[in-house]
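For the sequence shown, our numbering assigns the number 2 to the initial residue and increments by one for each residue that follows.
We treat Cβ as the ideally placed atom computed from N, Cα and C, and that holds for glycine.
A quick write-up on the structure given underneath.
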Amino acid sequence: MNFSDDDLKEAADLIRNGELVAFPTETVYGLGADATNSKAIEKIYVAKKRPSDNPLIVHVSGKEMLLKCVDHLPPIADELIKKFWPGPLTLVFNRSQYISPSVTKGLDTVAIRCPNHQIALRLISISDKPIAAPSANLSGRPSPTSAEHVIEDLFGRIPLIIDGGTTQIGLESTVVSLVSNPPIMLRPGGVTLEELKAIIPDIQTKAENEIAKLSPGTRYTHYSPRKDVYLLTGFTTEKEIEIYLNGVSGDYVLFCTNSVHSHPQKIPHILLGKSKKEIQQNLFSYLRNLDTMKYESAYIEEVEPTEEGLAIMNRLTKAAKKIIRIN
Ligand code: TXA
Ligand code: MG
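Below, the structure is given as structure tokens:
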């Protein structure tokens, strides 16, 4: 969808006046407010029903704006920014006083990224403010990858939703803390661990329970449709899945992640995508669609946790009511 600067000026005025605007990014839709205005930031928590101790990501238009938000740039930041910005990489820095403490929830660090999306970038530039934005869903629901998803969750709760079509990546940014040395990946996302290792060979990844302490948002249930989702692991053939599901009662659908194997014809099934990239793009949309499908629940096949698979498995593990090991 094309928006002129005049169209976006209305949105930018709302941001400058301390109001909320939902806008597209390349990952998922964000619910934005002026990151320097505490009253505006508090409205995000109310609209989303977000736990009040979970800090927000600040979106900047580039390095100049970044420098206002941070205390200093560690040397590795320059390399990462050159390679991955604008793009789905959020970096955690020591913060400056410019950012409202409501964004960082008492932490002395701030998470910042530069989105690779024309509407998002122009909105930040025209409002001339760093924009704090979590994903534009009600807390706990799958993140929105289209304006329709935002409408489902937030219509009537916020003044403006900018419809920029479907998002390209489909799940959230990768979060890397540059406050620790060596840097730690706090959340897998749009930039893969393999890509990061090319620049930070000694990057750390932490067990989920340790990450919870470092990144408050990872503690809450996430990405869940209203119906039950079960993650199937440990299988090597579709036959094993068929045997398992034949012993299960209830009205369910199988979300498949493997296009090579032949799928059990008697079990209703949907292929989430032909590659990990496609599965990543479609995942949240299918999790939401489950709620309007006639099935009571969904079983989802695991994905190999390499490249995009690591972020996909992270989200599936959080969305699942139960992880079932078949073998
Ligand atoms: O792709 C994305 O990152 C999207 C779009 C809108 O940019 N945003 C997003 O925001 O996913 P949200 O709020 O849903 O997730 C932010 C994550 C949470 O896990 C939060 O705890 C973590 O970033 N975070 C924020 N500030 C932090 C900080 N100072 N230190 C560590 N983790 C932080
Ligand atoms: Mg979120």
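(request) Starting from the N-terminal side, write out each stretch of the beta strand (DSSP E) that is 3 residues or longer and does not extend beyond the segment 176-205. (result) Counting only unbroken stretches of 3 or more residues, the beta strand (DSSP E) elements lying wholly within the segment 176-205 are 185-188, in sequence order.
(request) Drop a sphere of 10 angstroms on the beta-carbon of residue 51, count the other beta-carbons inside from all chains shown, and report buried for 16 or more, exposed for fewer. (result) One-based indexing of the sequence shown puts residue 51 at position 50. Per the 10 Å Cβ criterion, buried.
(request) With a floor of 4 residues, list each alpha helix (DSSP H) that falls wholly inside the segment 213-294, ordered by position along the chain. (result) 239-247 and 277-291
(request) Would you mind sorting residue 1 into buried or exposed? The rule is 16 or more other CB atoms within 10 Å of its CB. (result) Summary: the structure shown does not reach residue 1, with the chain confined to residues 2 through 328, and so no result is reported for it.
(message) Which of the three DSSP states is assigned to residue 302 in this structure?
(response) As a first step, residue 302 must be located in the sequence shown, where it is residue number 301. Here residue 302 sits in strand by DSSP.
(message) Is residue 118 a contact residue of the ligand TXA, with contact defined as CB to any heavy atom under 7 angstroms?
(response) Counted from its first residue, the sequence shown places residue 118 at position 117. Incorrect: residue 118 has no Cβ contact closer than 7 angstroms to the ligand TXA.
(message) Please state whether the Cβ-Cβ distance between residue 91 and residue 22 is less than 8 angstroms.
(response) Sequence index remark: in the sequence shown, residue 91 carries index 90 (1-based). Sequence index remark: in the sequence shown, residue 22 carries index 21 (1-based). Not a contact, by the Cβ cut-off of 8 angstroms.
(request) Please state whether DSSP places residue 17 in a helix, a strand or coil. (result) Walking along the sequence shown from the start, residue 17 turns up at place 16. If DSSP states are grouped into helix, strand and coil, residue 17 belongs with the helices.
(request) Whole angstroms is fine: what's the gap from residue 305's alpha carbon to residue 103's? (result) Here residue 305 corresponds to residue number 304 of the sequence shown, with the count starting at 1. Here residue 103 corresponds to residue number 102 of the sequence shown, with the count starting at 1. Roughly 38 angstroms separates the two Cα atoms.
(message) Give me the residue from 98, 117, 166 and 28 with the minimum Cα distance to residue 84.
(response) Counting from 1 along the sequence shown, the entry for residue 84 is found at position 83. Comparing Cα-Cα distances from residue 84 to each of 98, 117, 166 and 28, the minimum goes to 117.
(request) Compare the C-alpha of residue 207 against each of 294, 199 and 183 and name the closest. (result) As a first step, residue 207 must be located in the sequence shown, where it is residue number 206. Nearest C-alpha to residue 207: 183.
(message) On the CB-based measure, 16 or more other CB atoms within 10 Å of its CB, does residue 326 come out buried or exposed?
(response) Counting from one through the sequence shown, the residue named residue 326 turns up at place 325. That one is exposed.
(message) Using DSSP's beta-bridge definition, name the partner residues of residue 168.
(response) The residue labelled residue 168 in the question sits at position 167 within the sequence shown. DSSP output for residue 168 lists no bridge partner at all.
(message) Only counting the same chain, and skipping five residues up and downstream in sequence, which positions put a Cβ closer than 6 angstroms to that of residue 315?
(response) Here residue 315 is taken as the residue at index 314 of the sequence shown, counted from 1. Around residue 315: 189.
(request) Return helix, strand or coil for residue 101, following the three-state DSSP convention. (result) Numbered from its first residue, the sequence shown carries residue 101 at position 100. In this structure, residue 101 counts as coil in the three-state DSSP scheme.
(request) Taking 8 angstroms as the cut-off, decide whether the C-beta atoms of residue 228 and residue 153 are in contact. (result) Locating residue 228 in the sequence shown gives position 227, counting from the first residue. Locating residue 153 in the sequence shown gives position 152, counting from the first residue. No, they are not a contact pair.
(message) I'd like the span of the alpha helix (DSSP H) that includes residue 79, first residue to last.
(response) Counted from its first residue, the sequence shown places residue 79 at position 78. First-last of the alpha helix (DSSP H) with residue 79: 76-85.
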